[in-house]
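Notes to accompany the following structure.
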Amino acid sequence: MMESKCLECDAKMKINDDAIVGEIISCPDCGADYEVASLGNGTVTIKVAESVKEDWGE
Ligand SMILES: [Zn+2]
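Residue numbering for the sequence shown follows my numbering, starting at 34 and increasing by one per position.
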């Protein structure tokens with residue numbers, strides 16, 4: 034199990050060892066969605082997930 038930190042509220046987020054790049058992680062505290070950006074030896078880098086609901090305004 035790896036851990037990362039929510040960028041919004043600093044809550045710890047647990048990430049499975051079998052997580053893959055592109056997997057979406059949701060913060061258990063504030064519900065923010067993050068995407069696994071890269072994986073290394075026991076470390077994980079996350080980035081804010083792109084919203085899939087951004088097709089308004091066209
Ligand atoms: Zn959070």
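Every residue, glycine too, gets a C-beta built ideally from N, C-alpha and C.
- Those residues that bring their Cβ nearer than 6 Å to a heavy atom of ligand 1 are C39, E41, C42, A44, C60, D62, C63 and A65.
- With distances taken between CA atoms, M46 lies nearest to M34 out of I53, M34 and G90.
- The alpha carbon of N74 has as its nearest neighbour, out of D50, K38 and A44, the alpha carbon of D50.
- Closest in C-alpha terms to A44, from the list Y67, E56, I53 and C63, comes C63.
- 8 Å or more divides the Cβ of I57 from the Cβ of I48.
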